[in-house]
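Report on the structure given below.
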Amino acid sequence: MDAAEKAVVENALSILDRHLKAKSHALVSPEAVRAFLRLKLERQESEVFAMLFMDAKHRVIEYRELFFGTIDSASVYPREIVKASLLLNAAAVILVHNHPSGESSPSNADRVMTQRVKDALALVDVRVLDHLVVGHAEITSLAEMGWC
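According to UniProt numbering, the sequence shown is numbered sequentially starting from 1.
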């Protein structure tokens, strides 16, 4: 990506961030969510685990990057996810992480981690709506695969 393209991406991200912070609910469709997450995570050089925290009507409260890893993994701690969800008074969440390799297919470890997080959040009545894996060309939804 050249300097001009980076500037365009940074400008788009700042506009989206302002909309989210202004509670304008810019992410009102699955397509908008995917576009936002692709801008945030697609070109990261290491794995990043993030979450969209949502209220009871599934409006975005906040996007937050929680864990940062290496080129092929990131450690995820359900305890920290529960803490952040309670702090933000979230009723639901969308889990998301990138695969720097560009491949968006979820691994078995992704499935296991999703279930661990779902189990932990269920104890405090927070629903996991989806877990999205961001690759270079596409985003894969574990919910659409029946795994979430």
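All C-beta atoms, glycine included, are put in the ideal place defined by N, C-alpha and C.
### Task
Tell me, please, whether the segment 47 to 58 touches the segment 137 to 146 by the rule of three or more beta-carbon pairs shorter than 8 Å.
no
### Proximal residues to ARG111 (C-beta, below 6 Å), its chain only, five neighbours per side dropped
Counted from its first residue, the sequence shown places residue 111 at position 111. If we look at ARG111 and ignore the five residues flanking it on each side, its Cβ neighbours are TRP147.
### Message
Could you check whether THR70 and LEU95 sit closer than 9 Å to each other, using their CB atoms as the reference points?
### Response
For the purposes of this step, residue 95 is taken as the residue at position 95 of the sequence shown. For the purposes of this step, residue 70 is taken as the residue at position 70 of the sequence shown. The answer is no: Cβ separation not under 9 Å.
#### Entry: ALA90 versus ILE139: straight-line alpha-carbon distance, rounded
Here residue 90 refers to the residue found at position 90 when the sequence shown is read from its first residue. Here residue 139 refers to the residue found at position 139 when the sequence shown is read from its first residue. If you take the alpha carbons of ALA90 and ILE139, they lie about 24 Å apart.
### Beta bridge counterpart(s) of THR140 as assigned by DSSP
Translated into the one-based positions of the sequence shown, residue 140 becomes position 140. Note: THR140 sits in a beta bridge opposite VAL133.
### Task
May I ask you to report which of helix, strand or coil DSSP gives ARG38?
Reading the sequence shown from its first residue, position 38 is the one you call residue 38. Three-state DSSP puts ARG38 in a helix.
#### Entry: For ILE94: DSSP bridge partner residues
Indexing the sequence shown from 1 puts residue 94 at position 94. Per DSSP, LEU52 and ASP130.
### Task
Use the C-beta contact count for GLU31: other C-beta atoms within 10 angstroms, 16 or more gives buried, fewer gives exposed.
As a working mapping, residue 31 is identified with position 31 in the sequence shown. Label assigned to GLU31: exposed.
### Task
Compare the C-beta of ILE71 with all C-beta atoms of chain D and state if any pair is closer than 9 Å.
The structure shown has no chain D; it contains just one protein chain.
### Simplified DSSP state of ARG116, which is helix, strand or coil
Translated into positions along the sequence shown, residue 116 becomes position 116. Helix at ARG116.
### Query
Between LEU123 and PHE49, what straight-line distance do the alpha-carbon atoms span, to the nearest angstrom?
Within the sequence shown, numbered from 1, the residue matching residue 123 stands at position 123. Within the sequence shown, numbered from 1, the residue matching residue 49 stands at position 49. Cα-Cα distance, rounded: 21 Å.
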